[in-house]
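Presented below is the structure to which this report refers.
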Amino acid sequence: MPRPGVAYAGRERCAVYPDDVTGRRALTCIRRAWTRGLLFRVGDSRSTGEEDVITFGLHQKTSTVGGATEHGWPDAGYLDRLLSECAALGVATDDEVDDALL
Numbered sequence: 001m002p003r004p005g006v007a008y009a010g011r012e013r014c015a016v017y018p019d020d021v022t023g024r025r026a027l028t029c030i031r032r033a034w035t036r037g038l039l040f041r042v043g044d045s046r047s048t049g050e051e052d053v054i055t056f057g058l059h060q061k062t063s064t065v066g067g068a069t070e071h072g073w074p075d076a077g078y079l080d081r082l083l084s085e086c087a088a089l090g091v092a093t094d095d096e097v098d099d100a101l102l
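Next comes the structure, spelled out in structure tokens:
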């Protein structure tokens, strides 16, 4: 939960996606969320328990291994979950892929 007026810690974040149709569809949603200021937020981290840090506004894949429990690949249900999260935020989730990603 954001705490106005409280300093927050920045951090480097890296997300990984496959170079295939699934990855490009995911990146299309992520780019749209980014342009609307929805990709990150300040709050409490569910994964580390830290307070007042930059967190993902949409769940991201941060590892090439480990599956869903480790925020990595493989994760067969990820794209469906991401599309649902995007739709809940009002981000278009159609089947098109941004031309810049082709």
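In the UniProt record's numbering, the protein residues as written are 1 to 102. We put the CB at the ideal spot given by N, CA and C, even for glycine.
Exposed unless 16 or more other CB atoms sit within 10 angstroms - verdict on residue i
i: Arg41; result: exposed
i: Ala33; result: buried
i: Arg69; result: Looking at the sequence itself, residue 69 is Thr, so the reference to Arg does not match. Exposed.
i: Val21; result: exposed
i: Arg25; result: buried
i: Thr64; result: exposed
Coil, strand or helix - residue i by DSSP
i: Ser63; result: strand
Proximity winner among the options, relative to residue i (alpha-carbon distances)
i: Pro4; options: Lys61, Gly43 and Ala92; result: Gly43
i: Val6; options: Asp80, Glu51, Gly23 and Ser63; result: Glu51
i: Gly66; options: Leu27, Gly37, Val16 and Arg81; result: Val16
i: Val47; options: His71, Arg31 and Leu27; result: Checking the sequence shown, residue 47 turns out to be Ser, not Val. Nearest of His71, Arg31 and Leu27 to Ser47, Cα basis: His71.
i: Leu89; options: Thr35, Lys61 and Trp73; result: Thr35
Integer Cβ distance of residue i from residue j, believed to fall under 8 Å
i: Leu58; j: Leu83; result: Going by Cβ atoms, the distance from Leu58 to Leu83 rounds to 10 Å, so no, they are not a contact pair.
i: Cys29; j: Val91; result: 6 Å
i: Gly10; j: Ile54; result: 6 Å
(request) With a floor of 4 residues, list each alpha helix (DSSP H) that falls wholly inside the UniProt domain "Deltex C-terminal" (1-91), ordered by position along the chain. (result) 21-35 and 78-88
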